[in-house]
Amino acid sequence: MGRYVIRRLLQMVPVFIGTTFLIFVMVYALGDPVAAMFGDKAPDPATAAQIRHAMYLDHPLPAQYVHYMKQIFTGDFGTSASGQPVTELMGTAFPVTIRLTLVAFVIEAVAGVGLGLVAGLRRGRLADSGVLAFTLIVVAVPTFVTGYLLQYFFGVKWHIADPAVAEGAPIGDLIMPGLVLAGVSLAYVARLTRTSVAENSRADYLRTAVAKGLPRRRVVTVHLLRNSLIPVVTFLGTDVGALMGGAVVTERIFNIHGVGYQLYQGILRQNPPTVVGFVTILVIIFLAANLLVDLLYAVLDPRIRYA
Amino acid sequence: MRGARSAKWVVGAAVVALAATACGSGSTDKAGGSDDGIVRAWWGDPQNPLEPANTNEVQGGKVLDMIFMDLKEYDPKTGKANLEAAQSIDTTDQQNFTVKLKPGLKFSDGTPVTAKSFVDAWNYGALLTNKQLNAYFFEDIEGYDKVHPDSGAPTAKTMSGLKVVDSTTFTVKLTQKFSTWPDRLGYKAFAPLPTSFFTDHSGYLDKPVGDGPYKIVSYAKGSSMKLVPNPYYTGPSKPKNKGVLLKVYTDSNTAYADLQAGNLDVLDDIPAEQLTHAKSDLDGRYLNQPAGIVQTVSFPLNQKAWNAPGMDKVRLGLSMAIDRKTITEKIFQGTRTPAGDLTSPVLGAAGGYSATIAGDAVTYDPAKARELIKAGGGIPGGHMTIGYNADSGSHKQWVDAVCNSINNVLGDNKACVGAPTGTFADFRNQITKGEMTNPFRSGWQMDYPLIDDFLTPLYATGGSSNDSHYSNPRFDALIKQANAEPDTAKATRLYQQAEKLLFTDMPVIPLWYQNGEAGWSSRVSNVTENAFSYPVYTDITVNS
Numbered sequence: 001m002g003r004y005v006i007r008r009l010l011q012m013v014p015v016f017i018g019t020t021f022l023i024f025v026m027v028y029a030l031g032d033p034v035a036a037m038f039g040d041k042a043p044d045p046a047t048a049a050q051i052r053h054a055m056y057l058d059h060p061l062p063a064q065y066v067h068y069m070k071q072i073f074t075g076d077f078g079t080s081a082s083g084q085p086v087t088e089l090m091g092t093a094f095p096v097t098i099r100l101t102l103v104a105f106v107i108e109a110v111a112g113v114g115l116g117l118v119a120g121l122r123r124g125r126l127a128d129s130g131v132l133a134f135t136l137i138v139v140a141v142p143t144f145v146t147g148y149l150l151q152y153f154f155g156v157k158w159h160i161a162d163p164a165v166a167e168g169a170p171i172g173d174l175i176m177p178g179l180v181l182a183g184v185s186l187a188y189v190a191r192l193t194r195t196s197v198a199e200n201s202r203a204d205y206l207r208t209a210v211a212k213g214l215p216r217r218r219v220v221t222v223h224l225l226r227n228s229l230i231p232v233v234t235f236l237g238t239d240v241g242a243l244m245g246g247a248v249v250t251e252r253i254f255n256i257h258g259v260g261y262q263l264y265q266g267i268l269r270q271n272p273p274t275v276v277g278f279v280t281i282l283v284i285i286f287l288a289a290n291l292l293v294d295l296l297y298a299v300l301d302p303r304i305r306y307a
Numbered sequence: 001m002r003g004a005r006s007a008k009w010v011v012g013a014a015v016v017a018l019a020a021t022a023c024g025s026g027s028t029d030k031a032g033g034s035d036d037g038i039v040r041a042w043w044g045d046p047q048n049p050l051e052p053a054n055t056n057e058v059q060g061g062k063v064l065d066m067i068f069m070d071l072k073e074y075d076p077k078t079g080k081a082n083l084e085a086a087q088s089i090d091t092t093d094q095q096n097f098t099v100k101l102k103p104g105l106k107f108s109d110g111t112p113v114t115a116k117s118f119v120d121a122w123n124y125g126a127l128l129t130n131k132q133l134n135a136y137f138f139e140d141i142e143g144y145d146k147v148h149p150d151s152g153a154p155t156a157k158t159m160s161g162l163k164v165v166d167s168t169t170f171t172v173k174l175t176q177k178f179s180t181w182p183d184r185l186g187y188k189a190f191a192p193l194p195t196s197f198f199t200d201h202s203g204y205l206d207k208p209v210g211d212g213p214y215k216i217v218s219y220a221k222g223s224s225m226k227l228v229p230n231p232y233y234t235g236p237s238k239p240k241n242k243g244v245l246l247k248v249y250t251d252s253n254t255a256y257a258d259l260q261a262g263n264l265d266v267l268d269d270i271p272a273e274q275l276t277h278a279k280s281d282l283d284g285r286y287l288n289q290p291a292g293i294v295q296t297v298s299f300p301l302n303q304k305a306w307n308a309p310g311m312d313k314v315r316l317g318l319s320m321a322i323d324r325k326t327i328t329e330k331i332f333q334g335t336r337t338p339a340g341d342l343t344s345p346v347l348g349a350a351g352g353y354s355a356t357i358a359g360d361a362v363t364y365d366p367a368k369a370r371e372l373i374k375a376g377g378g379i380p381g382g383h384m385t386i387g388y389n390a391d392s393g394s395h396k397q398w399v400d401a402v403c404n405s406i407n408n409v410l411g412d413n414k415a416c417v418g419a420p421t422g423t424f425a426d427f428r429n430q431i432t433k434g435e436m437t438n439p440f441r442s443g444w445q446m447d448y449p450l451i452d453d454f455l456t457p458l459y460a461t462g463g464s465s466n467d468s469h470y471s472n473p474r475f476d477a478l479i480k481q482a483n484a485e486p487d488t489a490k491a492t493r494l495y496q497q498a499e500k501l502l503f504t505d506m507p508v509i510p511l512w513y514q515n516g517e518a519g520w521s522s523r524v525s526n527v528t529e530n531a532f533s534y535p536v537y538t539d540i541t542v543n544s
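So the sequence lines, in the order shown, correspond to chains G and D. Residue 1 is where the first sequence starts when you use full-length UniProt numbering, and the numbers rise one by one after that. Residue 1 is where the second sequence starts when you use full-length UniProt numbering, and the numbers rise one by one after that.
Have a look at this one:
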């Protein structure tokens, strides 16, 4: 397994270089970051030239990329538009977003698998149709609509929760945003689990388990669920990256100062170091989550070997 | 068992990730409860580091306004420049000024405000290598060209026009006569800086120090800033509250929800979506008044097609083809005021604002507009676009409406269409490079409430923000004459004469003045806005 992990890690290198370069080029295609600093006013050419020089913008794009990558490997991610080191922004933003993602992930996994299991075990009955209807609605309504609706009713109308998350994003405040963020994926997890459970409940090994006289609880959790979770785990794993990326919308709605917010600011202010830096870290997380998923298969099904 | 072994790996990784994130969850500052007398106000993340000569946008400007007292300050109601840190600013020739400071002024860290605090700050702001965005504010001072040359490295570190006489007096020599120059000194680029700014620059940026009504007690970059009254402040705008907590919001819709839920007291950025019902939601706790911002459509006069003989008639005709009143009401819900000139109502009549100076040029008159456009030879090529940036400010709606208005007048629904550019930076980039071939949206937010600021940078030949590349020797001569005129009233009249030329030459179409808005909670009272459309924080009181 060690060799497998090393090979996977080596595969990440070209993916990493490719994605960062693409993002780097795209951010620069948006326009001149220096012109944006001066607002509606025309930049003073001498000052603009000084800033360009300080930001290494007076070199051709490939040279800028090489310069940037060199900096990254010394741990220097550049500075944001407001003069803060990007690493400092990451230090405040990533814990917040990871916390939000974890809350969403737990909601998604527990509620999604739970609903799917119930629906799968009671095929064609009321519970099954109920879950079907619920997931259809959740998938059909865009995240920002659910977000603003929950915010308005729970936060403004009924005063059950605060409409905006407090500074520092305590876990308690993150439950509502987490629910919104988890929404769509939760529906997918439920549908996926249902199908898988429905299929496996007709399998031979399950009939054997029942025939052996095992208690129903054990049959369902160990025999049925464990085998049914393989496709679900794949989805959940890749979804971690998607959740962190999708947080852009949720974070904006609920005033969470995390990765999504910093990325949005970076794009708005045309600050390449912020955008490229944050996306680079997101790429690494995405790659790591994928590796984790592949390793998890062995936990669920010992027959799966790594070569 | 392979499965179990890899499970250990997975659990280990998950534990590390959890531990790394959980430790950050502790501090939740619930500052600004119900009875501490602190005003909780909306804030946007400042775009640049908080240095006076480097802040050119509203959110940073707000803070500078709270923590600095300049030589002069603008009255929040009338916009008039009154002496504050300065005892007197004297001149006999409109070119050499002697500035005397009030005695005993102190920064919020207890160090004295001296003549040197101003001179050092201005020299810092002007020096090219400090890369200050507002450096051009000092360009009238003698020696600016040495510290801030158009190309190459600076040949001096300080401006020869600035001299410290004693601890409370300094002199300024300008490159030419400029009678209204002292009135510019209320702009925050001219703020004094304490010695700590120069000795510990990064420390200063973490917690800026000024000589104004408030002092910063804590600043969490990107999320909040807490200000309390500055004990050393002796000026006239003593805070009437126990402090202000500025909270950065990711989205003003969220801030609006927080305002309604009672977690926020002052919101001066009411989202467009909420405008229709803000008045009833907030039960009258809503304010909407013109600000020092005028919006226009500029013509690219560097392009032959738009600058040919007779085109001035077409440009005037296009201006008259726009139904400003309907657009401001239907699209902006009354948060814009149709423009009658190229300045702003915040100047007041004495300051040079006039609702009638443009005359017919801004009156909606379809018949005359059609006639003028025809007489001038029609729109170049029979088709025009209005450029705008699509990333912010919902410009699409009004640009489409303006085009619609023009098309209706011309009876041709293809005569004018909007031309979006993806980002603001790209849009500005094309304008500064002079690449625009068709009219484009433009706007001007004043630096100081003076008529000069609405004309010189925008329309003087080679002006710093002359986006339309307008040039008229008569205009330049009138501006020069006005600058040299010692009598302010006479100077204003000369500026207005220059402004009048713009309504026959029409380098831009005046559209409307942008209004400042604010909504507030029932917990606070006395919310007003100044000419820059910042809330006047010092006047806000917390209801007990």
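Idealized CB from N, CA, C, for every residue including glycine. For clarity, every value in this text was computed on a predicted model and none was experimentally measured.
The beta carbons of residue 177 of chain G and residue 253 of chain G sit closer together than 9 Å. With 16 or more other Cβ atoms from the protein chains shown falling within 10 Å of its own Cβ, residue 180 of chain D counts as buried. From the listed residues D:172, D:83 and D:441, the smallest Cα separation to residue 141 of chain D is found for D:172. When Cβ pairs closer than 8 Å are counted between the two stretches, the region 208–220 of chain G is seen not to touch the region 137–147 of chain G, the count staying below three.
For chain D, the residues of the region 62–82 of chain G that bring a beta carbon within less than 8 Å of one of its beta carbons are 81 and 82, in chain order. Neighbourhood of residue 227 of chain G in chain D, by CB distance below 9 Å: empty, with the nearest CB roughly 13 Å away. When DSSP states are grouped into helix, strand and coil, residue 419 of chain D belongs to the strand group. Under the 9 Å criterion on CB atoms, residue 209 of chain D is classed as non-interfacial with respect to chain G. When rounded, the separation of the alpha-carbon atoms in residue 124 of chain D and residue 51 of chain G is 16 Å.
In the structure shown, residue 519 of chain D adopts extended strand secondary structure according to DSSP, grouped into three states.
The region 90–104 of chain G makes no contact with the region 66–76 of chain G: fewer than 3 CB pairs, one atom from each, lie closer than 8 Å. According to DSSP, residue 444 of chain D shares a beta bridge with D:294. Proximity of residue 466 of chain D to chain G, defined by a Cβ-Cβ separation below 9 Å, is satisfied.
DSSP, reduced to helix, strand and coil, places residue 130 of chain D within a helical segment of the structure shown. Using a CB distance cut-off of 9 Å, residue 11 of chain G does not count as an interface residue toward chain D.
The C-beta of residue 428 of chain D comes closer than 9 Å to at least one C-beta of chain G. Looking only at D:212, D:490 and D:222, the smallest Cα-Cα distance to residue 231 of chain D is reached by D:212. Burial is judged here by how many other beta carbons sit within 10 angstroms of a residue's own beta carbon; residue 205 of chain G has fewer than 16 and is exposed. Shortest Cα-Cα distance from residue 316 of chain D to any of D:52, D:276 and D:506 involves D:506. Put simply, of G:85, G:152, G:61 and G:151 the residue whose alpha carbon is nearest the alpha carbon of residue 205 of chain D is G:85. Taking 9 Å as the threshold, the shortest C-beta distance from residue 251 of chain G to chain D falls below it.
Note that the region 399–419 of chain D touches the region 326–336 of chain D; at least 3 beta-carbon pairs, one per stretch, sit closer than 8 Å. Each residue's CA atom was taken as its position, placing residue 127 of chain D and residue 288 of chain D some 39 Å apart. Closest in alpha carbon position to residue 239 of chain D, among D:544, D:39, D:256 and D:391, is D:39. Chain D has no Cβ within less than 9 Å of the Cβ of residue 106 of chain G.
In this model, residue 75 of chain G and residue 88 of chain G are separated by some 11 Å (Cα to Cα). With a minimum length of 4 residues, the unbroken runs of alpha helix (DSSP H) contained wholly in the region 232–300 of chain D fall at 252–260 and 275–281. Considering only D:516, D:186 and D:531, the residue with the shortest C-alpha distance to residue 271 of chain D is D:516. Looking at the backbone, the Cα of residue 269 of chain G and that of residue 199 of chain D are separated by about 30 Å. Taking the Cα of residue 300 of chain G as reference, the smallest distance to any Cα among G:108, G:27, G:57 and G:228 is reached at G:228. Chain-order list of chain D residues neighbouring residue 255 of chain G: 249, 250, 251, 254, 255 and 258, by C-beta distance under 8 Å.
The region 341–361 of chain D and the region 450–462 of chain D touch, with three or more beta-carbon pairs separated by less than 8 Å. A Cβ of chain D is located within less than 9 Å of the beta carbon of residue 162 of chain G. In chain order, 82 make up the part of chain G whose C-beta sits under 9 Å from the C-beta of residue 46 of chain D. If you draw a straight line from the Cα of residue 41 of chain G to the Cα of residue 226 of chain D, it comes to about 30 Å.
About 6 Å separates the CB atoms of residue 540 of chain D and residue 527 of chain D; that is less than 8 Å, so the two are in contact.
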